[in-house]
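Here the structure comes first, spelled out in structure tokens, and everything after it is commentary.
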Amino acid sequence: MYDPIMRVFTLLEILQGRDRVSGLELAQRLEVDLRTVQRYIVRLKDLNIPVDSSPGVGGAYRLRPGFRLPPLLLTNEEAFALSLGLSALRQVGLAGFAPATEGALAKLGRVLPESLRESIRTVEAVVAVEPGPWVAPTSVECLTGAATAIRTGRRVRFGYRSHHDAFSQREIEPYAVLHTDGRWYLIGRCLSRQALRTFRLDRATQLEVCSAGFTPPEDFDPRRYMADHMPFVQSNYQVDVWIDMPLEEAERSFAFWRIAMEASDGGTRLRCGRDRLEMFAAMLLSVGRRVVVYRPEELRETFRLLARHALQAADSPRS
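Just so you know, the sequence shown maps onto residues 989 to 1307 in the working numbering.
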């Protein structure tokens, strides 16, 4: 018996079976010294297990009379984290988990000791978690089905509505599910395209786990894949501009804009996909640097429109 965690649980079992046990006996049975026994007792108290001690050589310990070990051992921080995590599911577009969330919180409240129930009440009473406007509601069935298929190495089949509202049936070998920017993405090898593709799960319907299996690549890194491909997901416009700004500064300024950047001609080349150009154009203007537009032509017109609005605002009367 060498694992400290196992020794702590063994100590708890000993205390449950006896009215009182001396520190010396505990040290002998656990094959540790008295100081280590004291550390284990402190650990049990950190888990809200009431251990009473009495003075003397090595001391003696007992569980407080009437105490019954709950089926779940959590610290205050762990109980708070669980409650907050369950409440935050809506923030990632999974409001469909609401009944399961309420059920899980109710069960936690029943099995946890009173001191820990206060953590759950605190979250319910004073913490509000609301999804941002960019969060896309996602089917719980699609998410759990995709996760099951990935874990078991099986294909999935689903209906998919593209960015341009075109509907198709897809069958893929799923590699990973990843959440970013308020949306859940399914990454996998599309059998009809014979290539890696990224699918938004909020656009998927009737996802079915197939019986056919596959072997996923061992070295696939979903985070790296998304970082490399996210700027170019299907969008209304593919943007390509140059800005008079060093690459290091551009990486700091545009870190949250999902833009592919590279040093070019003393400045930085920016490439990305965008559904709407107004916000992107306004962002470029806000940094006050010279910009060269390569494409799309619509971005030039967007700059002209913003310029007209700016002049109108500048010349508008104060009263």
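The C-beta atom is built at its ideal place from N, Cα and C for all residues, glycine as well.
All values reported here derive from a predicted model rather than from experimental measurement.
Straight-line Cα distance separating G1084 from A1208: The residue asked about is misnamed: residue 1208 is Phe in this sequence, not Ala. C-alpha separation (whole angstroms): 30 Å.
Sequence-distant residues of its chain with Cβ nearer than 6 Å to A1238 (five each side left out): Spatial neighbours of A1238 in its own chain (CB-CB distance under 6 Å, excluding positions within 5 residues in sequence) are listed in chain order as M1249 and T1256.
Beta-carbon gap between T1126 and G1081 smaller than 8 Å: By the CB criterion at 8 Å, T1126 and G1081 fall inside the cutoff.
Alpha carbon of I993 to alpha carbon of L1000, nearest angstrom: So the two alpha carbons sit approximately 11 Å from each other.
Of the residues R1171, R1105 and R1027, the one placed nearest E1065, counting alpha carbons only: Residue R1105 is the option with its Cα nearest to E1065.
Helix, strand or coil at E1019 [DSSP, three-state]: DSSP places E1019 outside both helix and strand once states are collapsed to three, so it counts as coil.
Limits of the beta strand (DSSP E) - the one that R1185 falls within: Where R1185 is concerned, the enclosing beta strand (DSSP E) stretches over A1183 to R1188.
Where M1267 falls, given that 16 or more other Cβ within 10 Å makes a residue buried: M1267 comes out exposed.
Cβ pair V1275, M1233 closer than 8 Å: With respect to the 8 Å criterion, V1275 and M1233 are classified as neighbours on the basis of their beta carbons.
From H1297, R1246, V1229 and A1298, residue whose alpha carbon lies closest to that of L1287: When each option's Cα is compared against that of L1287, the closest is V1229.
Cβ shell of M989 (< 8 Å), same chain only, five flanking positions each side left out: Only weak support is given to the placement of M989: the predicted model assigns it a pLDDT of 45, under 50, and the question is left unresolved by the model.
Minimum length 3: unbroken beta strand (DSSP E) runs contained in the stretch 1250-1303: Listed in chain order, the beta strand (DSSP E) elements of length 3 or more contained wholly in the stretch 1250-1303 are 1255-1262 and 1279-1283.
Nearest candidate by alpha-carbon position, reference L1195, set Y1163, A1137, H1151 and Q1226: Checking every option, the nearest Cα to that of L1195 belongs to A1137.
Simplified DSSP assignment, three categories, for H1217: H1217 falls in the helix class under three-state DSSP.
Per-residue burial, G1011 [other beta carbons within 10 Å of its own, 16 or more giving buried]: A residue is called buried when at least 16 other Cβ atoms come within 10 angstroms of its Cβ; G1011 meets this threshold and is buried.
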